[in-house]
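J.:
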Amino acid sequence: MNDMDFLNQAVQLAKANIEQGGRPFGAVIVKNDVVVSTGVNQILTTGDPTSHAELNALRQAAQNLKSISLKDCVVYASGQPCPMCLAALRMAGIEKVVYAYSNTDAEPFGLSTAKIAEILRDAPHEQQGLSYTQRQVNLPFHLYQLWQDAQN
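Spelled out as structure tokens, the structure:
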């Protein structure tokens, strides 16, 4: 199979999701030319705004491969991944994403995330409509030091 075969699979998942009342997004994660997971957008059925196709496929791939590092995997998505999904894919080590429909394609249907991506380019404290404040806590321990100590 090649990129187009896997990409078509992602689009077919999105189409099937539409037919079941969901949003038009599907994703396939492949490692060494083998599908390790799939996902569809389930925000309407779960009420979870993070239940995007890519994130659902990412979670399943990590479980199936028993690893949080998906460096050798490729993600095929029906639509251009949103900033949240893109960040999660980067954090998992994904180095290749192939998608069918761009934000430009999605714009006329109200499905583009280009505006969110644009807003996120600003520093968080400069973003309109977001209060973003750090408060120092006075505790007898440093949370991250506790974590590091627990790793040893």
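Take the sequence shown: its letters are residues 1 to 152, numbered as in the UniProt record's numbering.
By construction, the Cβ of each residue, glycine as well, lies at the ideal position given by its N, Cα and C atoms.
(1) List, from N- to C-terminal side, the beta strand (DSSP E) runs of 3 residues or more that fit wholly inside the UniProt domain "CMP/dCMP-type deaminase" (1–114).
(2) Ignore the nearest five residues each way along the sequence and tell me which others in R23's own chain have a CB closer than 6 Å to its CB.
(3) With DSSP collapsed to three states, give me the class of D122.
(4) Please report the straight-line C-alpha distance between A14 and G26, rounded to a whole angstrom.
(5) Do V36 and A10 have their CB atoms nearer than 8 Å?
(6) Quick one: measure Cβ to Cβ for T50 and M84, integer angstroms, because I've assumed they're closer than 8 Å.
(7) Determine whether the beta carbon atoms of V74 and L7 lie at a separation below 8 Å.
(8) Relative to the C-alpha of I116, which candidate in M4, V34, S78 and C82 has its C-alpha closest?
(9) I'd like the list of long-range same chain contacts for H125, defined as Cβ closer than 7 Å, with 5 residues on each side in sequence excluded.
(10) Report the residue from S78, G21, G47 and K31 whose alpha carbon sits nearest the alpha carbon of G39.
(11) Between the Cα of Q80 and those of D105, L70, Q136 and D48, spot the shortest distance and give me the residue it belongs to.
T.: Quick look at the numbers:
(1) 26–31, 34–40, 73–79 and 96–101
(2) In the sequence shown, residue 23 corresponds to position 23, counting from 1. If we look at R23 and ignore the five residues flanking it on each side, its Cβ neighbours are N41.
(3) Position 122 of the sequence shown, counted from the first residue, corresponds to residue 122. Note: D122 maps to coil in three-state DSSP.
(4) Here residue 14 refers to the residue found at position 14 when the sequence shown is read from its first residue. Here residue 26 refers to the residue found at position 26 when the sequence shown is read from its first residue. So the alpha carbons of these two residues sit roughly 4 Å apart.
(5) Taking the sequence shown and counting its residues from 1, one reaches residue 36 at position 36. Taking the sequence shown and counting its residues from 1, one reaches residue 10 at position 10. It is not a contact, given that the beta carbons lie outside the stated cut-off.
(6) Counted from its first residue, the sequence shown places residue 50 at position 50. Counted from its first residue, the sequence shown places residue 84 at position 84. Yes, T50 and M84 are in contact; Cβ-Cβ is about 7 Å, under 8 Å.
(7) As a position in the sequence shown, residue 74 is number 74, starting the count at 1. As a position in the sequence shown, residue 7 is number 7, starting the count at 1. No.
(8) The residue labelled residue 116 in the question sits at position 116 within the sequence shown. Looking at the Cα atoms, C82 is the closest of the given residues.
(9) Residue numbering aside, residue 125 sits at position 125 when the sequence shown is read from its first letter. If we look at H125 and ignore the five residues flanking it on each side, its Cβ neighbours are Y132.
(10) Along the sequence shown, one-based indexing puts residue 39 at 39. Per the Cα distances, S78.
(11) In the sequence shown, counting from the first residue as 1, residue 80 sits at position 80. Checked all of D105, L70, Q136 and D48; the closest Cα to Q80 is D105.
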